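Okay, structure first, notes after.
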Amino acid sequence: MTTMQSEVYEAFRSIDVPEDKAVKAAAALSKRDDDVGTLKSDMNLMKWMLGFVLAFQIGIFVKLFIH
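Put into structure tokens, the structure is as follows:
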């Protein structure tokens with residue numbers, strides 16, 4: 060188990076949650092953290108893509124009226 064996963068497991072065990080349920084809950088929370096990390100990286104990519112598109116559109120707009 061990873062560090063965070065073992066901490067969650069130990070927290071569940073300290074409140075007398077059965078061992079099998081504590082292991083499953085810790086694994087589920089670990090999976091959720093992986094999913095959140097993936098979403099954060101996807102959002103970062105989307106921000107860069109949107110910034111590029113906006114800069115390109117502003118460049119076209121400026122070229123239309125300046126030239």
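Numbered according to the numbering used here, the sequence shown spans residues 60 to 126.
We put the CB at the ideal spot given by N, CA and C, even for glycine.
Keep in mind the model is a prediction, meaning the values are calculated, not measured.
- In this structure, DSSP gives I74 a state outside helix and strand, which the three-state scheme calls coil.
- Cβ atoms of Y68 and A87 stay farther apart than 8 Å, at about 11 Å.
- A straight line joining the alpha-carbon of T97 with that of Q116 spans about 29 Å.
- For S89, the closest of I119, L123, Q64 and I125 by C-alpha to C-alpha distance is Q64.
- Buried is the label assigned to A85, since at least 16 other Cβ atoms lie within 10 Å of its Cβ.
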